[in-house]
Amino acid sequence: MFKIDPQQNRIAPLEAKRFGELGFTERKHLQEWLENCPQALAQGEGDELLIIQKEFDGFDDTRERLDLLALGKEGNLVIIENKLDDTGRDVVWQALKYASYCANLSKQQVVDIYQRYLNQKAQESGQPAANAVDNLIEFLDVDGLEAAQINRIKTQRLIFVAARYRKEVTNTVLWLSQFGIACQCFKATPFQSGSEQFLSVEQIIPTPESSDFMIGMVAKEAEEKSADTEQKQRHTLRLAFWEQALDAFSHSSCSLYNNISPSKDHWLSAGSGLRSMPYNLIFGKNEIRVEFSLQRSEAEVNTIVFNHLAAQKEAIEAAFGDALAWSPLPNKKACRIQYSKPVDGYDKANWPEMIQWLVEHMTKLESALQKPLQKINRQLKSEPPSVEVAE
């Protein structure tokens, strides 16, 4: 840190000091400074802290007391632990204990803690005590206290303030941060220039650049967990649907799925007599579908078969009883012939009707394609592949 001399147009380095050298103490000085200027620990614009208690000892069955207890703008409790020239080895463990003690404080308990703090401040100043509820409503920017979410589960935040951090402290803080525990380390350094004294408070963990990255990683992990949960739910739903569908097929004239097991996938395949060209049942959230899929690794063979069938489109659709969707997919290996119906697939009340529809239309699709596919299969076995359509 440098002091600017505008008259000489020069800067002069300030002399870094230890708190002990200057006669400063943890409770009388550093704690007092931060209590009355919590913005020194703000992460940036919009990150405000409201001190709601100091030397808090309201923990059942213990005589421990945390230095400062604050509230963040999101209603989360913030545990602030101050050390002077050295953190010591146990500061993280100490703060974690305090965070665990505070984790089960109810909204009303937080209000009471804050009101006691305001009463104490009023007594010291000789002024009337402010109202905790009014202050909290204003700070949290809510219509009323009932709308405020205060001290939700897993929202507690840890702040450490010291001039020097031991390696075991910084390593532990970085490790905890990987698990979504909000931890910050601020380096507080006193400076002196003549009779003037200055204080620098700098966030060193996480660095401002890495804060956004870490927040993004936590959000990404939460998103992935949510996606995993949704995927598991979908798998369970699909298994239940296919069990009912296969039971219905087993009692129908369509024998395609007699030896097929339920699946967690959104499709269920059955052989058509042509290798890698199955009949598919599709069960989606918004659609059910029957289809004939041409998905051999040899794209030219898919094209041959599709073209042969397309040449008989009118007869096939007449046999099926409706127009089909023909998808040659020229830029992909697979081709499809399909028929679909929009549904609310995840509403189980719709399943009986959906399953009846699948049975009915897969039966029609197999019947419409059976003879054309038998002829194509014989031609593929006797003739070399050609993309020309056989007459």
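Going by my numbering, the first residue of the sequence shown is number 3, and it counts up by one from there. Glycine included, each C-beta is placed from N, C-alpha and C at the ideal position.
- Task: Find out if the Cβ-Cβ distance for the pair I339, E368 is shorter than 8 Å.
- Result: Their beta carbons are not under 8 Å apart, which means I339 does not touch E368 by this criterion.
- Identity of the residues DSSP links to P374 by a beta bridge: Beta-bridge pairing links P374 to no other residue.
- Item | Nearest residue (CA-CA) to D69, options I207, A44 and K99 | Cα-wise, what sits closest to D69 is K99.
- Message: Please state the DSSP three-state secondary structure of S127.
- Response: Here S127 sits in helix by DSSP.
- Work out the CA separation of M356 and D49 for me, nearest whole Å. Taking the straight line joining both Cα atoms gives about 52 Å.
- Message: Measuring CB atoms only, is the stretch 357–376 touching the stretch 303–318, in the sense that at least three cross pairs come out at less than 8 Å?
- Response: As far as the Cβ criterion goes, the stretch 357–376 touches the stretch 303–318, which means the pair count is three or higher.
- Provide the residue(s) that pair with A101 in DSSP beta bridges, ordered along the chain. DSSP lists no partner for A101.
- R159 in three-state terms, based on DSSP: In this structure, R159 counts as strand in the three-state DSSP scheme.
- Message: Mapping the DSSP letters down to three states, classify K345 as helix, strand or coil.
- Response: Note on identity: in this sequence residue 345 is Val, with Lys being the wrong assignment. Coil at V345, not helix or strand.
- Message: Less than 8 Å between the beta carbons of V163 and N78, yes or no?
- Response: V163 places its beta carbon 8 Å or farther from that of N78.
- Based on the DSSP output, what are the partners of F243 in its beta bridges? According to DSSP, which records beta bridges pairwise, F243 is partnered with nothing at all.
- Item | For Q194, the nearest candidate out of R380, F21, L382 and K383 (CA to CA) | Minimum Cα distance to Q194 is reached at F21.
- Message: I'd like to know whether the C-beta atoms of V345 and E289 end up nearer to each other than 8 Å.
- Response: The answer is yes: Cβ separation under 8 Å.
- Message: If you measure between the beta carbons of L120 and A132, is that distance less than 8 Å?
- Response: Annotated as proximal: L120 and A132, with beta-carbon spacing under 8 Å.
- Verify whether the separation of the beta carbon atoms of I81 and L36 is less than 8 Å. No, they are not a contact pair.
- Task: Measure how close the beta-carbons of K189 and L142 come, nearest whole angstrom, since I'm counting them as under 8 Å.
- Result: Actually they do not touch by this definition, with Cβ atoms about 30 Å apart.
- Query: For E393, which residues of its own chain have a beta-carbon under 6 Å away from its beta-carbon, when the five flanking residues on both sides are left out?
  - Reply: Summary for E393: the model assigns pLDDT 35, below 50, so the residue's position carries little reliability, and this model does not support an answer.
- Query: By a C-beta neighbour count over all protein chains shown, 10 Å radius and 16 as the cutoff for buried, is A275 buried or exposed?
  - Reply: A quick correction: the sequence has Gly, not Ala, at residue 275. Exposed is the call here.
- By Cβ distance below 7 Å, which residues in the same chain neighbour E390 in space, the five residues on each side in sequence not counted? Only weak support is given to the placement of E390: the predicted model assigns it a pLDDT of 43, under 50, and the question is left unresolved by the model.
- Query: Does the Cβ-Cβ distance between F322 and K350 come in under 8 Å?
  - Reply: Taking 8 Å as the cut-off, the Cβ atoms of F322 and K350 do not count as close.
- Message: Please state the DSSP three-state secondary structure of D136.
- Response: In the three-state DSSP reduction, D136 falls in the helix class (H, G or I).
- Message: So for V94, helix, strand or coil by DSSP?
- Response: Reduced to three states, the DSSP call for V94 is helix.
- Would you report the Cα separation of P354 and V361, rounded to the nearest angstrom? The straight-line gap separating the alpha-carbon atoms of P354 and V361 is approximately 11 Å.
- Less than 8 Å between the CB atoms is what I'm expecting for I54 and Y116, so what's the real figure, rounded? Contact flag correct, Cβ pair sits at about 4 Å.
- Helix, strand or coil: how does DSSP classify T191 here? T191: strand per DSSP, three-state reduction.
- Item | Rounded straight-line distance, which links the Cα of K5 to that of N11 | One Cα belongs to N11, the other to K5, and the distance between them is close to 11 Å.
- Message: For the alpha helix (DSSP H) containing Q33, name the first residue and the last one.
- Response: Q33 to N38 is the span of the alpha helix (DSSP H), which, as asked, contains Q33.
- 7 Å Cβ shell around R67 - same chain, five flanking residues per side excluded: Excluding positions up to five away in sequence, the list reads E57, F58 and D59.
- Query: Quick one: what does DSSP say F181 is sitting in, helix, strand or coil?
  - Reply: When DSSP states are grouped into helix, strand and coil, F181 belongs to the coil group.
- Task: In angstroms with no decimal places, state the Cα-to-Cα distance between F181 and K383.
- Result: Near 60 Å, if we compare the C-alpha coordinates of K383 and F181.
- Item | Where I6 falls: helix, strand or coil (DSSP) | Of the three classes helix, strand and coil, the one that applies to I6 here is strand, per DSSP.
- Query: Starting from F308 and walking both ways along the alpha helix (DSSP H), at which residues does that stretch end?
  - Reply: Segment A301 to A312, the alpha helix (DSSP H) holding F308.
- Sheet register partners of F294 (DSSP bridge): Beta-bridge pairing links F294 to Y281 and I339.
- For H268, which of Q235, G90 and N137 has the nearest alpha-carbon? Out of Q235, G90 and N137, Q235 has the C-alpha closest to the C-alpha of H268.
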